[in-house]
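Protein chains: 2
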Amino acid sequence: MLRTRDVGRKRRDVAAHGMYRRRDTRRDVLIAEITAELRRYGVDAQHVGHAFAGQHGLNATDLQALIAVMDAELVGDPITPGRLGEHLGLSSGSVTALIDRLERVGHLRRDRDTTDRRKVLLRYAERGAELAMGFFRPLGERTDRVMAGFRDDELEVVYRFMTAMGASLREHRDEVRAARTEPHRRRSE
Amino acid sequence: MLRTRDVGRKRRDVAAHGMYRRRDTRRDVLIAEITAELRRYGVDAQHVGHAFAGQHGLNATDLQALIAVMDAELVGDPITPGRLGEHLGLSSGSVTALIDRLERVGHLRRDRDTTDRRKVLLRYAERGAELAMGFFRPLGERTDRVMAGFRDDELEVVYRFMTAMGASLREHRDEVRAARTEPHRRRSE
DNA sequence: GGCGAAAATCTCGGCTGTCTAGATACTTTT
DNA sequence: AAAAGTATCTAGACAGCCGAGATTTTCGCC
Numbered sequence: 001m002l003r004t005r006d007v008g009r010k011r012r013d014v015a016a017h018g019m020y021r022r023r024d025t026r027r028d029v030l031i032a033e034i035t036a037e038l039r040r041y042g043v044d045a046q047h048v049g050h051a052f053a054g055q056h057g058l059n060a061t062d063l064q065a066l067i068a069v070m071d072a073e074l075v076g077d078p079i080t081p082g083r084l085g086e087h088l089g090l091s092s093g094s095v096t097a098l099i100d101r102l103e104r105v106g107h108l109r110r111d112r113d114t115t116d117r118r119k120v121l122l123r124y125a126e127r128g129a130e131l132a133m134g135f136f137r138p139l140g141e142r143t144d145r146v147m148a149g150f151r152d153d154e155l156e157v158v159y160r161f162m163t164a165m166g167a168s169l170r171e172h173r174d175e176v177r178a179a180r181t182e183p184h185r186r187r188s189e
Numbered sequence: 001m002l003r004t005r006d007v008g009r010k011r012r013d014v015a016a017h018g019m020y021r022r023r024d025t026r027r028d029v030l031i032a033e034i035t036a037e038l039r040r041y042g043v044d045a046q047h048v049g050h051a052f053a054g055q056h057g058l059n060a061t062d063l064q065a066l067i068a069v070m071d072a073e074l075v076g077d078p079i080t081p082g083r084l085g086e087h088l089g090l091s092s093g094s095v096t097a098l099i100d101r102l103e104r105v106g107h108l109r110r111d112r113d114t115t116d117r118r119k120v121l122l123r124y125a126e127r128g129a130e131l132a133m134g135f136f137r138p139l140g141e142r143t144d145r146v147m148a149g150f151r152d153d154e155l156e157v158v159y160r161f162m163t164a165m166g167a168s169l170r171e172h173r174d175e176v177r178a179a180r181t182e183p184h185r186r187r188s189e
């Protein structure tokens with residue numbers, strides 16, 4: 001694989017991501033395209049988040065954190081700084097700074113847990129909720145329009161697919177993370 | 001919406017993302033779940049990239065850049081620093097630093113375009129290619145196993161779905177970016 | 001009921017990546 | 001061949017992140 005020879009015809013439309021794969025059959029093409037589209041979707045989603053956050057005076061991490069806080073609280077168990085750090089992949093120091101920022105501008109607040117007073121519970125404030133909704137509502141409207149083009153049984157297929165892909169990716173993530181203890185053993189070149 | 005009242009039953013399994021939506025019919029649930037799963041997929045993908053990059057002595061941006069360089073070169077037209085900056089959402093200064101880093105450790109190299117000698121073309125080096133493959137191969141294997149659980153016609157549906165969602169998201173991205181000129185006009189509170 | 005280990009969060013110093021503005025190199029236009 | 005335009009690079013400042021140690025609270029045990 002990875003033949004650079006027969007690529008001179010400049011097929012940009014191939015989405016530039018499926019080319020690490022075979023493309024012999026229609027099925028191969030489908031698989032390659034879906035993979036590529038998933039990747040692009042992730043990148044573009046990041047960009048949307050980044051742009052939106054920037055326009056509201058915060059960075060991408062801040063927005064993600066705000067969303068995580070809302071998610072947790074809406075499900076009924078508010079998140080703690082520690083769990084937030086895990087969720088975002090941040091160190092404890094960074095999380096404190098992050099919460100300080102968001103608290104300072106009034107997006108969320110700290111509450112001490114009454115039962116275990118070591119813990120701090122994060123709750124969103126009025127302003128934070130508005131911001132999150134401003135982020136999700138337009139996205140949701142667009143999503144609804146796309147979904148309207150699919151029958152129920154088709155959505156079932158998509159759901160099954162996304163669930164399976166998600167589970168697979170998380171497995172992979174854990175595998176990659178597990179290998180983090182032995183990174184630079186051999187110093188070959 | 002956003003009733004916090006009837007959420008006390010702690011349904012973590014709801015994936016914590018679909019709750020900005022109605023969930024009355026089976027279809028509503030499907031839509032909410034798919035949306036949630038897409039979001040989670042994006043976050044997890046980021047984490048995988050971050051972890052993998054860290055293990056190889058670079059950061060998430062570096063890995064994304066490396067992939068972009070390979071993608072472009074494999075399609076037949078190598079990317080320039082300028083276009084790479086656009087793709088990653090970085091300023092020109094940051095791109096220079098980025099390329100310096102990657103060139104220094106031997107992941108890619110700079111080539112002057114022979115026809116337009118203002119331009120610099122980025123090409124991956126041996127080491128960069130290895131790294132990218134090390135990133136994609138295990139992912140691809142997993143993906144293949146998931147795909148094996150779907151018939152051709154089902155993959156067609158998934159493909160149609162992802163394409164539509166991708167297009168929609170990119171539209172949204174452009175809309176958000178277009179609004180970037182007038183961010184902090186009113187200084188209300 | 002008080003002691004030590006464990007847990008959760010916070011503080012502080014240092015580093016790295018990014019941005020902005022301006023400088024440099026090459027190309028195209030007139 | 002000078003001026004205007006485009007692409008890239010340089011330099012200084014700043015913000016977010018990490019890691020180690022300090023602080024506060026809880027839990028198990030005697």
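Protein sequences, first through last, are from chains A and B. Heads up: the first sequence at position 158 corresponds to 158 in full-length UniProt numbering, and the numbers run straight through without jumps. Heads up: the second sequence at position 70 corresponds to 70 in full-length UniProt numbering, and the numbers run straight through without jumps. The beta carbon of each residue, even a glycine, is placed where N, CA and C say it ideally should be.
Name the chain A residues that come within less than 8 Å of residue i, Cβ to Cβ?
| i | result |
| --- | --- |
| B:D152 | R26, R27, L30 |
| B:A179 | Q55 |
| B:A164 | V146, G149 |
| B:H172 | V48, P138, L139, R142 |
| B:Y124 | The contacting residues do not exist; B:Y124 stays about 11 Å from chain A at best. |
From which residue to which residue does the alpha helix (DSSP H) around residue i run?
| i | result |
| --- | --- |
| A:D116 | Careful: A:D116 lies outside any alpha helix (DSSP H) and carries neither H nor E. |
| B:Y41 | 26-55 |
| B:H107 | Careful: B:H107 lies outside any alpha helix (DSSP H) and carries neither H nor E. |
| A:A125 | First-last for A:A125: undefined, no H or E at that position. |
| B:L88 | 81-88 |
| B:D62 | 60-75 |
Kindly give me the distance between the Cβ atoms of residue i and residue j, rounded to whole angstroms, as I take these residues to be in contact under 8 Å.
| i | j | result |
| --- | --- | --- |
| B:R118 | B:L108 | Rounded, the Cβ-Cβ distance is 19 Å, inconsistent with contact. |
| A:R48 | B:V105 | Going by the sequence as given, residue 48 of chain A is Val instead of Arg. Not a contact, Cβ separation roughly 31 Å. |
| B:R101 | B:D77 | B:R101 to B:D77, Cβ: 23 Å. No contact. |
| B:A148 | B:L66 | Between B:L66 and B:A148 the Cβ distance is about 29 Å, and since that is not below 8 Å, they are no contact. |
| A:R173 | B:D44 | 6 Å |
| B:A179 | A:Q55 | 7 Å |
| B:Y159 | A:L30 | 5 Å |
| A:H87 | A:A68 | 5 Å |
| B:R27 | A:L155 | 7 Å |
| B:F150 | A:F150 | About 16 Å separates the two Cβ atoms, so there is no contact after all. |
| A:E37 | B:T163 | 6 Å |
| B:V120 | B:R127 | With 8 Å as the limit, B:V120 and B:R127 do not qualify as a contact, their Cβ atoms being about 19 Å apart. |
| B:G85 | B:V75 | In fact, because the Cβ distance is near 18 Å, the residues do not count as touching under 8 Å. |
So residue i contacts chain A; which residues on that side make the cut at Cβ distance below 9 Å?
| i | result |
| --- | --- |
| B:L35 | The question names Leu, but residue 35 of chain B in the sequence shown is Thr. Those are L139, G140, T143, M147, listed as they occur along chain A. |
| B:R22 | Ordered by position in chain A, no residue passes the 9 Å Cβ test against B:R22, which lies about 10 Å from the chain. |
What residues from chain B crowd round residue i, counting only those whose CB sits closer than 8 Å?
| i | result |
| --- | --- |
| A:S168 | R142, T143, R145, V146 |
| A:L58 | Within chain B, no residue comes near A:L58; the closest Cβ sits about 12 Å away, beyond 8 Å. |
Which residues in chain B sit within 9 Å of residue i, going by Cβ to Cβ distance?
| i | result |
| --- | --- |
| A:L63 | Within 9 Å Cβ-Cβ: nothing; A:L63 doesn't reach chain B, min ~12 Å. |
So with CB distances below 7 Å, who are the chain A contacts of residue i?
| i | result |
| --- | --- |
| B:E156 | L30 |
| B:R40 | G166 |
Anything in chain B within Cβ reach of residue i, meaning under 7 Å, just list it in chain order.
| i | result |
| --- | --- |
| A:V69 | Result: empty, since nearest Cβ-Cβ is about 11 Å, beyond 7 Å. |
Next on the checklist: Counting only Cβ-Cβ distances shorter than 9 Å, please list the residues of the segment 130-146 of chain B near chain A, keeping chain order.
Outcome noted: A132, M133, F136, R137, P138, L139, G140, R142, T143, D144, R145, V146
Checklist entry - Of the residues that make up the segment 80-92 of chain B, which ones have a beta carbon closer than 7 Å to any beta carbon in chain A? => result G89
Next on the checklist: Taking beta-carbon pairs under 8 Å, can you tell me which members of the segment 43-54 of chain A lie near chain B?
Outcome noted: V43, D44, A45, Q46, H47, V48, H50, A51, F52, G54
Item to check | Contained alpha helix (DSSP H) runs [length at least 4] in the segment 135-188 of chain A, N- to C-terminal order | outcome: 152-178
Item to check | Cβ-based contacts, 8 Å cut-off: residues of the segment 95-121 of chain B near chain A | outcome: none
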